[in-house]
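The block underneath contains the structure these notes are about, expressed in structure tokens.
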Amino acid sequence: MKQTLSLLIVLMLAPLCHAQMDLTLTKDIEQIESKVISWRHYFHENPELSNREFKTAEKIAEHLRSLGMDVQTGVGKTGVVAILKGDNPGKVVALRADIDALPVTERNDLPFKSEVVTNFLNTETGVMHACGHDTHISILMGVAEVLSKNTHLINGTVTFIFQPAEEGPPPGEEGGAALMIKEGVLKNPDVDAIFGLHINSSTPVGTIRYKSGGTMAAVERFVVTVRGKGTHGSAPWTGVDPILISAKIIDGFQSIISRESDLVREPAVITVGKITSGTRFNIIPESAELIGTVRTLDPDMRTHIIRRMTEMAADIAKAYGGSATIAWKNNTVVTYNDPQLTAQMVPTLETAAGVNNVETMKASTGGEDFSFYQEVIPGFYFFLGGMTPGNKTPYPHHTPDFKIDDAGMLLGVKALSQLSIDYLNAQ
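For the sequence shown, the positions run 1319 to 1745 when our numbering is used.
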């Protein structure tokens, strides 16, 4: 037992010692900050929606080519992939940044705020980096430059993945991590492990948070179609009311969470976000549509909830004289941080941020398509502080007032740079 514990300590401290030794790497990281901030301001001011990140991809590719890398464009529609070989042979590690913005009209006072307007699903809207992807792009561009100057420290290869459509491709299109994997982003060379980060508006600058195992939820989108029998609103007994059936289905769905799900093991959420039915106050319609989401962090709970919702929708509708079907679309699987890889790399994060600035976190019911890479290879995904210290009212992600402090990005460059080197050199 003592020998096993000693070996574990040695393995965990190995990357820590290596990261502390190289002063050249630290200097190159510190000198890149102004560039990273400038890039971030450009991308924030010029956001593009999922699968439409054309100018974003051009700027990324131009920078990577200037570093002498082998660059591929058009991967997963608008994605950019670059390969950096170290001076010595070894494993392959991938680093991923998402590059798409959201259909949100910006409402803050930033001097580089977005004024971009577009048509999204037949609605005029602003376009905004309201989730911090502009910082992710800029951080990874900074890492690429830093590592390209320090190939003597790299035993192996680094694959840089700039991924479009993390927020989901437009209806009828493929996109995101799933499409990039389908097109071979983890092949040629074969990637052994992958790292990614997400900046967070409610985590103080200088802080890193992580969780081993299930970290973010599997996300499903569901559409329930309820069919009844239309009639006059004054005589409901002559028809079958799909609105009443919908109410019973929604109530039944919540009993799956409150009475059938082991919430001590992991959290789970069922939310109906939209109900559409009817045309007039005195007409009972023929049909209704419910649209919502399911969030789970445990594969068995996910399977159970999907099965029970499918059964329950049909059975409840039948009990009231109607019928119902449910259609499913999986958006993400569980973002699962490989426990062994996480334990190996946490000391590197502690070196980058300071031991007291690296914290464990509870699982989030948000979703992230980084999870699809983790289905194929071990991955580690963590959260980077982007909130100005002392800010008592940070704005949530995906909102018009969302803000990130530029000062948070340098730690992201440092963390991803050192994770790459330490992982590849611990062979």
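For each residue, glycine too, the CB sits at the ideal point set by N, CA and C.
>> Can you tell me whether residue 1352 sits near the ligand GTP, meaning its C-beta is under 7 Å from at least one heavy atom of the ligand?
In response: For the ligand GTP, the structure offers nothing, since it holds no ligand at all.
> Looking at the unbroken alpha helix (DSSP H) that takes in residue 1357, where does it start and where does it end?
Replying inline: 1351 to 1363
>> Under DSSP, the alpha helix (DSSP H) around residue 1384 begins and ends at which residues?
In response: Where residue 1384 is concerned, the enclosing alpha helix (DSSP H) stretches over 1372 to 1384.
> In this structure, does DSSP put residue 1604 in helix, strand or coil?
Replying inline: In the three-state DSSP reduction, residue 1604 falls in the coil class, being neither helix nor strand.
>> Can you list, in chain order, the residues of its chain with a C-beta nearer than 8 Å to that of residue 1355? Leave out the 5 residues immediately preceding and following it.
In response: 1456, 1724, 1727
> Can the beta-carbon of residue 1640 be found less than 8 Å from the beta-carbon of residue 1601?
Replying inline: Taking 8 Å as the Cβ cut-off, residue 1640 and residue 1601 do not qualify as a contacting pair.
> Between residue 1690 and residue 1470, what straight-line distance do the alpha-carbon atoms span, to the nearest angstrom?
Replying inline: Taking the straight line from one Cα to the other gives about 32 Å.
> Taking the alpha-carbon positions, what's the residue 1397 to residue 1375 distance?
Replying inline: 7 Å
> Can you tell me the Cα-Cα spacing of residue 1585 and residue 1534, whole angstroms?
Replying inline: If you draw a straight line from the Cα of residue 1585 to the Cα of residue 1534, it is about 11 Å long.
> What is the residue span of the beta strand (DSSP E) that residue 1666 lies within?
Replying inline: Run containing residue 1666: none in the beta strand (DSSP E); it sits in the alpha helix (DSSP H), 1657 to 1671.
> Which runs of the beta strand (DSSP E) spanning at least 3 residues fall entirely within the stretch 1605 to 1655, listed in chain order?
Replying inline: 1605 to 1614, 1641 to 1650, 1653 to 1655
>> Do residue 1530 and residue 1564 count as a contact pair if the criterion is CB distance below 8 Å?
In response: no
> Quick one: Cα of residue 1449 to Cα of residue 1408, how far?
Replying inline: 35 Å
> How about residue 1591 and residue 1611: are their beta carbons less than 8 Å apart?
Replying inline: yes
> Looking at residue 1543 and residue 1491, is the spacing between their C-beta atoms short of 8 Å?
Replying inline: no
> Should residue 1658 go down as buried or exposed, given a rule of 16 or more other Cβ atoms within 10 Å for buried?
Replying inline: exposed
> Would you call residue 1673 buried or exposed, if buried means 16 or more other Cβ atoms sit within 10 Å of its Cβ?
Replying inline: exposed
> Do the stretch 1471 to 1490 and the stretch 1399 to 1416 make contact, defined as three or more Cβ pairs closer than 8 Å?
Replying inline: yes
> Per DSSP, what kind of secondary structure is residue 1577 in: helix, strand or coil?
Replying inline: helix
> If residue 1574 and residue 1627 are in contact, beta carbons under 8 Å, what's the gap, nearest whole angstrom?
Replying inline: 6 Å
>> I need the straight-line Cα distance from residue 1583 to residue 1682, nearest angstrom please.
In response: 14 Å
> Which residues mark the beginning and the end of the alpha helix (DSSP H) in which residue 1586 is found?
Replying inline: Per DSSP, residue 1586 belongs to no alpha helix (DSSP H); it is in the beta strand (DSSP E), 1586 to 1595.
> Fully enclosed by the stretch 1387 to 1436, which beta strand (DSSP E) runs are 3 residues long or longer?
Replying inline: Scanning the stretch 1387 to 1436 from its first residue to its last, the whole beta strand (DSSP E) runs of 3-plus residues come out as 1388 to 1393, 1397 to 1403, 1406 to 1416.
> What are the start and end residues of the alpha helix (DSSP H) that includes residue 1474?
Replying inline: Element bounds for residue 1474: not the alpha helix (DSSP H) but the beta strand (DSSP E), 1473 to 1481.
> Taking buried to mean at least 16 other C-beta atoms within 10 Å of its own C-beta, is residue 1716 buried or exposed?
Replying inline: exposed
>> Using a 10 Å radius around the Cβ and a threshold of 16 neighbouring Cβ atoms, would you call residue 1712 buried or exposed?
In response: buried
> Between which two residues does the beta strand (DSSP E) containing residue 1511 stretch?
Replying inline: 1511 to 1522
> Which first and last residues belong to the beta strand (DSSP E) in which residue 1677 is found?
Replying inline: 1676 to 1678
>> By the three-class DSSP mapping on this structure, what secondary structure does residue 1460 have?
In response: helix
>> Residues in the same chain with beta-carbon distance under 7 Å from residue 1341, minus the five sequence neighbours each way, listed in chain order, please.
In response: none
> Given 8 Å as the limit, is there contact between the stretch 1422 to 1439 and the stretch 1379 to 1388, that is, 3 or more CB pairs closer than that?
Replying inline: no
> Quick one: is residue 1519 buried, meaning 16 or more other Cβ sit within 10 Å of its Cβ, or exposed?
Replying inline: buried
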